[in-house]
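J.: Structure provided below as structure tokens; questions to follow.
In my numbering, the protein residues as written are 179 to 441.
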């Protein structure tokens, strides 16, 4: 019998849907926020609401690409189609509604590991390079780009900081990054980390080692841990639980303040 899949990005794990309607509108400017989601992807309503909120509070455009190329961790009613040799044809927003759990079939541990391997840097980096090129072409070479990442997306915010593509970033309960990637986030780079108290992916040991590496590298950083929270709280937290709701709200406000201070 296959082992139960880890709750991180497991489509059958609790994923409360927050109240609200996604209604982001484009606002051209010289500042752009690159929003990289967790495995539930851009089709998860909570991610859309977060993107809208950042656009409103920062008064800038938010680019939230589908770095998974339609291979998300949750079913969507009308997945994007990628004709061979052509650009992605994305469905209209009303055709990509999030389907809440439970689902009829969950991945095994082996399938989950294979999914992670197929969405590592060799697959994701070229997608993000294309997105960054689009941003610079659209907004101008002098555009200021910041990045926010959740879980899976957090690793790639760290990588973008390390490669010099962005100078300011925020990661929430990031996962699967390496300390070698963190070591490249050096002087002049700003990184804020919002972590869960209980997280067997972004463990206390990994978080503390990350803080040590950032200090040695000369980065400007801050790290905040919220009690009574688990992995995913800032995007899939149960808002009926006061401590979780407060942690989610403070992580969001903290990110907004970080970007206002440094972007």
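Glycine residues also receive a C-beta, built at the ideal position from the N, C-alpha and C atoms.
These numbers come from a predicted model, not from an experiment.
Residue 438 and residue 397: beta carbons closer than 7 Å?
T.: Within the chain shown, numbered from 1, the residue matching residue 438 stands at position 260. Within the chain shown, numbered from 1, the residue matching residue 397 stands at position 219. Not a contact, by the Cβ cut-off of 7 Å.
J.: Please identify the residue among 212, 419 and 369 whose C-alpha is closest to the C-alpha of residue 244.
T.: The residue given as residue 244 occupies position 66 in the chain shown. Taking only the C-alpha atoms, the option nearest residue 244 is 212.
J.: Would DSSP call residue 424 helix, strand or coil?
T.: Here residue 424 is taken as the residue at index 246 of the chain shown, counted from 1. Residue 424 falls in the helix class under three-state DSSP.
J.: Give the list of continuous beta strand (DSSP E) stretches no shorter than 3 residues that lie fully inside the stretch 293-338.
T.: As far as the stretch 293-338 is concerned, its whole beta strand (DSSP E) runs of at least 3 residues are 322-328.
J.: Do you know whose CA, among 364, 357, 369 and 407, lies nearest residue 383's CA?
T.: Position 205 of the chain shown holds residue 383. Ranking 364, 357, 369 and 407 by Cα distance to residue 383 puts 357 first.
J.: What's the C-alpha gap between residue 365 and residue 210?
T.: Position 187 of the chain shown holds residue 365. Position 32 of the chain shown holds residue 210. Roughly 22 Å separates the two Cα atoms.
J.: Output needed for residue 402: all residues of its chain with C-beta closer than 6 Å, excluding positions within five of it in sequence on either side, in chain order.
T.: Taking the first residue of the chain shown as 1, we reach residue 402 at position 224. Contacts found: 372.
J.: Span of the alpha helix (DSSP H) holding residue 393?
T.: For the purposes of this step, residue 393 is identified with residue 215 of the chain shown, where counting begins at 1. First-last of the alpha helix (DSSP H) with residue 393: 382-395.
J.: Over the uninterrupted beta strand (DSSP E) stretch that includes residue 401, give me the two end residues.
T.: Translated into positions along the chain shown, residue 401 becomes position 223. It spans 398-408 - the beta strand (DSSP E) in which residue 401 sits, taken as one unbroken run.
J.: Going by DSSP, what residues sit across from residue 453 in a beta bridge?
T.: It is not possible to answer for residue 453, since the shown part of the chain is limited to 179 through 441.
J.: Using the Cβ count rule (16 or more neighbours within 10 Å means buried), how would you classify residue 299?
T.: The residue labelled residue 299 in the question sits at position 121 within the chain shown. The residue is exposed, with fewer than 16 neighbouring Cβ atoms inside 10 Å.
J.: Counting along the chain, where does the alpha helix (DSSP H) carrying residue 358 start and finish?
T.: Taking the chain shown and counting its residues from 1, one reaches residue 358 at position 180. Its alpha helix (DSSP H) spans residues 357-361.
J.: When the Cα of residue 223 is compared with those of 420, 415 and 431, which residue comes out closest?
T.: Walking along the chain shown from the start, residue 223 turns up at place 45. Cα-wise, what sits closest to residue 223 is 415.
J.: Kindly list the residues whose CB is nearer than 8 Å to the CB of residue 351, restricted to its own chain and excluding five residues on each side of it in sequence; keep chain order.
T.: Counting from one through the chain shown, the residue named residue 351 turns up at place 173. Only 328, 329, 332, 372, 373, 374, 377, 379, 380, 409, 410, 411 and 412 meet the Cβ criterion.
J.: Could you check the C-alpha separation between residue 361 and residue 419 for me, to the nearest Å?
T.: What you label residue 361 is simply residue 183 of the chain shown in a count that begins at 1. What you label residue 419 is simply residue 241 of the chain shown in a count that begins at 1. Distance between the alpha carbons of residue 361 and residue 419: 36 Å.
J.: Rounded to whole angstroms, what is the Cα-Cα separation between residue 432 and residue 240?
T.: Along the chain shown, read from residue 1 onward, the residue named residue 432 stands at position 254. Along the chain shown, read from residue 1 onward, the residue named residue 240 stands at position 62. Straight-line Cα distance between these residues: approximately 17 Å.
J.: For a quick check, are the C-beta atoms of residue 441 and residue 295 less than 7 Å apart?
T.: For this step, residue 441 is matched to residue 263 along the chain shown. For this step, residue 295 is matched to residue 117 along the chain shown. It is not a contact, given that the beta carbons lie outside the stated cut-off.
J.: So residue 320 packs on residue 208, CB below 8 Å; how close in whole Å?
T.: Walking along the chain shown from the start, residue 320 turns up at place 142. Walking along the chain shown from the start, residue 208 turns up at place 30. Right, the Cβ-Cβ distance comes to about 7 Å (below 8 Å), so this counts as a contact.
J.: With residue 413 as the anchor, note down where its alpha helix (DSSP H) starts and where it stops.
T.: As a first step, residue 413 must be located in the chain shown, where it is residue number 235. Element bounds for residue 413: 411-414.
J.: So for residue 213, helix, strand or coil by DSSP?
T.: As a first step, residue 213 is located in the chain shown; it is residue number 35 there, counting from the start. Reduced to three states, the DSSP call for residue 213 is strand.
J.: Express the C-alpha separation of residue 302 and residue 421 in angstroms, rounding to a whole number.
T.: Your numbering for residue 421 matches position 243 in the chain shown. Your numbering for residue 302 matches position 124 in the chain shown. About 34 Å.
J.: Taking DSSP as the reference, what is the three-state secondary structure of residue 340?
T.: The count along the chain shown starts at 1 and reaches residue 340 at position 162. Three-state result, residue 340: helix.
J.: Beta carbon of residue 234, beta carbon of residue 225: below 7 Å?
T.: For the purposes of this step, residue 234 is identified with residue 56 of the chain shown, where counting begins at 1. For the purposes of this step, residue 225 is identified with residue 47 of the chain shown, where counting begins at 1. No, these two residues do not count as a Cβ contact at 7 Å.
J.: May I have the straight-line CA-CA distance separating residue 424 from residue 326, to the nearest angstrom?
T.: Position 246 of the chain shown, counted from the start, is the residue given in the question as residue 424. Position 148 of the chain shown, counted from the start, is the residue given in the question as residue 326. Going from the Cα of residue 424 to the Cα of residue 326 covers about 19 Å.
J.: Run through DSSP, which three-state label would residue 196 get?
T.: In the chain shown, the residue the question calls residue 196 occupies position 18. Looking at residue 196 - three-state DSSP - the assignment turns out to be coil, as it is neither helix nor strand.
J.: If residue 436 sits next to residue 348, beta carbons under 8 Å apart, how far is it from one beta carbon to the other, in whole angstroms?
T.: Residue 436 sits at position 258 when you count from the first residue of the chain shown. Residue 348 sits at position 170 when you count from the first residue of the chain shown. Going by Cβ atoms, the distance from residue 436 to residue 348 rounds to 6 Å, so yes, they are a contact pair.
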